[in-house]
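Only one structure is covered here, and it is reproduced in the block below.
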Amino acid sequence: MKLFTFKQFEIQQSKDVFRVGTDGVLLGALADVENASSILEVGTGTGLISLMLAQRNLQAEFLGLDINDAAAKLTQLNFENSPFHARLKNSHQDFKTFETEDRFDLIVSNPPYFEESGSEKDKIARQTVELNFMQLISKAAELLSEKGMFSVIIPVEAGEVFISIGKENKLHLNRKVSIRGIENAKAKRLILEFSSQVKEVNESDFIIEKSPRQYSDQYLELTKEFHVFK
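Heads up, the sequence shown stops at 240 in our numbering, and the numbers go up one at a time, no gaps.
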């Protein structure tokens, strides 16, 4: 296993599970977690996003779900080895058939998004084979608390469809962060946050690099409590 070290926790990684990536780091750092006391992550992978959110919110209780048994076991290992382990639980389970009486103040996901791929690696994590957007959104709508938030990171090309499906499920866009890989480039990812409440949409831009292999001041500031920069 390859170790990825953050300031307050470490992530064990495996060749069988999608590894730590920028999308997960951005969602873990930008999702609105301040007022949440119960948080559900759909598709934990390594457990990165829940661990980042647990560092940002010191009271919240977490549940992670992953349909991939290898990912669920890896998440469990990373949760147990973290300083937040008492507040973190995970389950090897299919979100589509997940049943609970609990309702969550935040549901967060870095969902599968490639319709097809020539590679077997990351097949479940990176393709819409096990969970499509409609299934993800409709189930999230069922499980949100009255003032709960649903937060995702997706490719910019999928934004309009995702927002439209949200409306069909009475989830309204409250926040939109357009993420550019490098300054002056087109946005490549969106962080979208939804709730059942109709609000004026808070829109912002985020730049990862100011030049090739040079992080922007915005990214360095956002991740300074997480990344160990050499």
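Even for Gly, the Cβ is constructed at its ideal location relative to N, Cα and C.
Since this is a predicted model, take the numbers as computed values, not measurements.
Secondary structure of residue i, DSSP reduced to three states
{"i": "S206", "result": "coil"}
{"i": "L181", "result": "coil"}
{"i": "A197", "result": "strand"}
{"i": "R29", "result": "coil"}
{"i": "N212", "result": "strand"}
{"i": "L13", "result": "strand"}
{"i": "G38", "result": "helix"}
{"i": "D115", "result": "strand"}
{"i": "I163", "result": "strand"}
{"i": "S188", "result": "strand"}
{"i": "Q69", "result": "coil"}
{"i": "E152", "result": "helix"}
{"i": "G158", "result": "strand"}
{"i": "S60", "result": "helix"}
{"i": "N88", "result": "helix"}
{"i": "L141", "result": "coil"}
Nearest-angstrom Cα separation, counted from residue j out to residue i
{"i": "F114", "j": "I175", "result": "20 Å"}
{"i": "N88", "j": "K209", "result": "36 Å"}
{"i": "Q103", "j": "Q145", "result": "15 Å"}
{"i": "K180", "j": "L40", "result": "23 Å"}
{"i": "K186", "j": "K196", "result": "15 Å"}
{"i": "V35", "j": "V211", "result": "23 Å"}
{"i": "A81", "j": "G169", "result": "27 Å"}
{"i": "E109", "j": "Q224", "result": "44 Å"}
{"i": "K133", "j": "R29", "result": "Bear in mind that the predicted position of K133 carries a pLDDT of just 41, short of 50, making it unreliable; the figure below should be weighed with that in mind. In a straight line, the C-alpha of K133 is about 13 Å away from that of R29."}
{"i": "I201", "j": "N67", "result": "19 Å"}
{"i": "T233", "j": "I163", "result": "17 Å"}
{"i": "E235", "j": "T15", "result": "12 Å"}
{"i": "D79", "j": "D33", "result": "22 Å"}
{"i": "N120", "j": "A150", "result": "13 Å"}
{"i": "F239", "j": "I21", "result": "16 Å"}
{"i": "V166", "j": "I218", "result": "15 Å"}
{"i": "K17", "j": "H237", "result": "6 Å"}
{"i": "L84", "j": "K99", "result": "12 Å"}
{"i": "K25", "j": "T54", "result": "15 Å"}
{"i": "S155", "j": "I147", "result": "14 Å"}
{"i": "N45", "j": "S226", "result": "28 Å"}
{"i": "S101", "j": "L153", "result": "16 Å"}
According to DSSP, residues forming a beta bridge with residue i
{"i": "G74", "result": "E51 and N100"}
{"i": "I147", "result": "According to DSSP, which records beta bridges pairwise, I147 is partnered with nothing at all."}
{"i": "H237", "result": "F16"}
{"i": "Y225", "result": "E219"}
{"i": "I175", "result": "Note: I175 sits in no beta bridge, so no partner."}
{"i": "Q23", "result": "K12"}
Close-in-space but distant-in-sequence residues of the same chain around residue i (CB under 6 Å, 5 per side omitted)
{"i": "M159", "result": "D42, L116, E203 and S205"}
{"i": "D215", "result": "S188"}
{"i": "S161", "result": "A41, V118 and E203"}
{"i": "F143", "result": "F172 and I175"}
{"i": "E51", "result": "I59, S60, G74 and V118"}
{"i": "K106", "result": "Q145"}
Cβ neighbours of residue i in the same chain (closer than 8 Å, five flanking residues each side left out)
{"i": "F19", "result": "L61, Q65, N88, N91, S92, P93 and F94"}
{"i": "L13", "result": "E20, I21, Q22 and Q23"}
Spatial neighbours of residue i in its chain, beta-carbon cut-off 7 Å, leaving aside the 5 residues before and after
{"i": "G38", "result": "L58, I59, M62 and L63"}
Short CB-CB distance (under 8 Å) between residue i and chain C
{"i": "Q69", "result": "Absence of chain C from the displayed structure is noted, only one protein chain being present."}
- Query: Is the segment 192 to 204 close to the segment 71 to 87, with three or more CB pairs under 8 Å?
  - Reply: no
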